[in-house]
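*Asks:* Under mature numbering (1 follows the signal peptide of the UniProt record, and there is no 0), the residues of the sequence shown are numbered -19 to -1, 1 to 290, in order.
Backbone N, C-alpha and C define an ideal beta-carbon position, used for all residues, glycine too.
Predicted model only: the values in this text are computed from it and were never measured.
Below you'll find the structure I mean.
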Amino acid sequence: MRRLMPAFAILVLPGLALAAPQCPATAGTPAEPTAMPVQQKGRQPQPRPILPDEITGSPALTRIASHGAVLFDIGRPEDQHGLRAVYARNGDHFRVFYITPDGAAEIGGVMWDASGHNLTRDEVAPIRGTIPTVVLNDRNGPSNGATGTSGPAVNPVRRLSAASYGLYGGKEAPRVYMVVDPLCPYSTRALQTLQPYVDAGMLQLAIVPISINDYENHAASTPAAIAMLSVPSDAMVPLWRHIMAQGHAPADVTISDNAQATLKLNLDAAHAIGVRGTPTIVWSDRNGTPHQEAGLPDDVDRFVAGLPV
């Protein structure tokens, strides 16, 4: 059994409803302008461009293409309860839609199976530039074998340990770095998801504020991040909750003289490890191997169980 959750997608096309596991960064390495295939994995087919006559024959596809998106078929209808999985790309942004059999309606979102596995991520994985990854090949530590961004290899745990962050949770618990935009809804949802594990002493969060969502909230993210970086480490998450409730930085926070420069350093750290959106989590497993993931893992219980004890 599969569940389609319209509240989520991978990134967002301009002019369409927001639905993403991450708020996408607007700066840094741009995504590929077209759907470029990579080596096929498992049973997933390569994306197929949808021809103009197919688009005009479907009201749903016509609506999606009217925003300037280029459309590709991904996945197989027989694997999606008869729905047609369509990858729509417009510049650096993309979104996945599921089209009804009559071609008249579309659902933007992510499909999950009964075990909680993200099927949409599997469908878009054959498209280069879609799933953010990072190369880890540290001379002083093991590599996780991932492939991804160009440029020198960076140990993300070591890089973020030198950033400015707020600590939340017991000091004896294994630390997980989480790069957030204070006003990114997916960052706040990630905090809510991990809250029970923090409360149980199973992990400690190191919250690294950056600002990438100003284009969505009338430039409210930057002052919110600066406010968070103006308070002591243990006060950062309580202030973040206040910011979540208000939707902007509170007026009664005294901004430190170096907060803006600190935000710039955090942004530099995020760029160095290839962050493409928030939240991004970074951690070391029980073997000391560093890992980085865009958004939260599909199986949070398994992720937490693999942290050092």
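For F75, write down the residues that DSSP places opposite it in a beta bridge.
*Replies:* In the sequence shown, counting from the first residue as 1, residue 75 sits at position 94. R70.
*Asks:* Taking the alpha carbon of V51 as the point to measure from, which residue in L42, R57, P58 has its own alpha carbon closest?
*Replies:* By one-based count along the sequence shown, residue 51 stands at place 70. Of the listed residues, the one whose Cα sits closest to V51 is L42.
*Asks:* Alpha carbon to alpha carbon, how far is A95 from P58? Give it in angstroms, no decimals.
*Replies:* The residue labelled residue 58 in the question sits at position 77 within the sequence shown. The residue labelled residue 95 in the question sits at position 114 within the sequence shown. Whole-angstrom Cα-Cα distance: 18 Å.
*Asks:* Starting from Y149 and walking both ways along the beta strand (DSSP E), at which residues does that stretch end?
*Replies:* Within the sequence shown, residue 149 is the residue found at index 168, counting from 1. It spans 147 to 149 - the beta strand (DSSP E) in which Y149 sits, taken as one unbroken run.
*Asks:* Would you decide whether R102 is buried or exposed? Buried here means 16 or more other CB atoms lie within 10 Å of its CB.
*Replies:* The residue labelled residue 102 in the question sits at position 121 within the sequence shown. Counting Cβ neighbours within 10 Å, R102 comes out buried, since at least 16 surround it.
*Asks:* Could you tell me the distance, in whole angstroms, from the CA atom of V91 to the CA atom of V77?
*Replies:* The sequence position of residue 91 within the sequence shown is 110, counting from 1. The sequence position of residue 77 within the sequence shown is 96, counting from 1. If you take the alpha carbons of V91 and V77, they lie about 7 Å apart.
*Asks:* Identify, in the order they occur along the chain, each residue of the same chain with its Cβ nearer than 6 Å to the Cβ of V212, setting aside the five sequence neighbours on each side.
*Replies:* Mapped onto the sequence shown, residue 212 falls at position 231. If we look at V212 and ignore the five residues flanking it on each side, its Cβ neighbours are L220.
*Asks:* My output table needs one value for P(-6): the three-state DSSP class, helix, strand or coil.
*Replies:* Position 14 of the sequence shown, counted from the start, is the residue given in the question as residue -6. Legend: pLDDT at P(-6) = 36, less than 50; position of this residue unreliable, value from coordinates given subsequently. In the three-state reduction of the DSSP assignment, P(-6) falls in the coil class.
*Asks:* Between the Cα of E274 and those of L164, Q173, D280, V263, spot the shortest distance and give me the residue it belongs to.
*Replies:* For the purposes of this step, residue 274 is identified with residue 293 of the sequence shown, where counting begins at 1. Among L164, Q173, D280, V263, the Cα nearest to that of E274 is on V263.
*Asks:* Does Y196 pass the burial test, meaning 16 or more other C-beta atoms within 10 Å, or should it be called exposed?
*Replies:* Sequence index remark: in the sequence shown, residue 196 carries index 215 (1-based). So Y196 ends up on the exposed side.
*Asks:* So, for L184: in the same chain, excluding its five sequence neighbours on each side, which residues have a beta-carbon less than 8 Å away from its beta-carbon?
*Replies:* As a working note, residue 184 is residue 203 in the sequence shown. So the list reads G150, A154, P155, R156, V157, L175, Y178, V285, L288, once near-sequence residues are dropped.
*Asks:* Please classify G159: does DSSP put it in a helix, a strand, or coil?
*Replies:* Looking up residue 159 in the sequence shown gives position 178. Note that residue 159 is Met in the sequence shown, not Gly. It is a strand residue.
*Asks:* What does D238 pair with, by DSSP beta-bridge criteria?
*Replies:* Reading the sequence shown from its first residue, position 257 is the one you call residue 238. Answer is none; D238 lacks a bridge partner.
*Asks:* Apart from the five residues on each side of it in sequence, which residues of its chain come closer than 6 Å, Cβ to Cβ, to C165?
*Replies:* Within the sequence shown, the letter at position 184 stands for residue 165. These residues qualify, in order along the chain: C4, N194, T259.
*Asks:* In the structure shown, what three-state DSSP assignment does V115 receive?
*Replies:* In the sequence shown, counting from the first residue as 1, residue 115 sits at position 134. For V115, the predicted model reports a pLDDT of 34, less than 50, meaning its position is unreliable and no value from the coordinates is stated.
*Asks:* If the criterion is Cβ atoms closer than 8 Å, does the pair S202 and P163 meet it?
*Replies:* Position 221 of the sequence shown, counted from the first residue, corresponds to residue 202. Position 182 of the sequence shown, counted from the first residue, corresponds to residue 163. Result yes, Cβ atoms of S202 and P163 sit closer than 8 Å.
*Asks:* So, is V138 buried or exposed, given that buried needs 16 or more other C-beta atoms within 10 angstroms?
*Replies:* If you number the sequence shown from 1, residue 138 lands on position 157. So V138 ends up on the buried side.
*Asks:* Look at the alpha carbon of S237 and the alpha carbon of G255, and state the distance between them as a whole number of angstroms.
*Replies:* By one-based count along the sequence shown, residue 237 stands at place 256. By one-based count along the sequence shown, residue 255 stands at place 274. For S237 and G255, the distance between alpha carbons rounds to 28 Å.
*Asks:* Measure from the alpha carbon of P271 to the alpha carbon of each residue in I108, Q27, S142, then state which is nearest.
*Replies:* For the purposes of this step, residue 271 is taken as residue 290 along the sequence shown, with counting starting at 1. Of I108, Q27, S142, the residue nearest in Cα terms is S142.
*Asks:* Give the DSSP bridge partners of F53, in chain order.
*Replies:* Here residue 53 is taken as the residue at index 72 of the sequence shown, counted from 1. Looking at the DSSP assignment, F53 forms a beta bridge with P30, Y68.
*Asks:* Please say whether V189 and M159 have beta carbons closer to each other than 8 Å?
*Replies:* If you number the sequence shown from 1, residue 159 lands on position 178. If you number the sequence shown from 1, residue 189 lands on position 208. For M159 and V189, yes; Cβs fall inside 8 Å.
*Asks:* Going residue by residue through the stretch 171 to 241, where are the continuous alpha helix (DSSP H) segments of at least 4 residues, counting only ones entirely within it?
*Replies:* 202 to 209, 217 to 227
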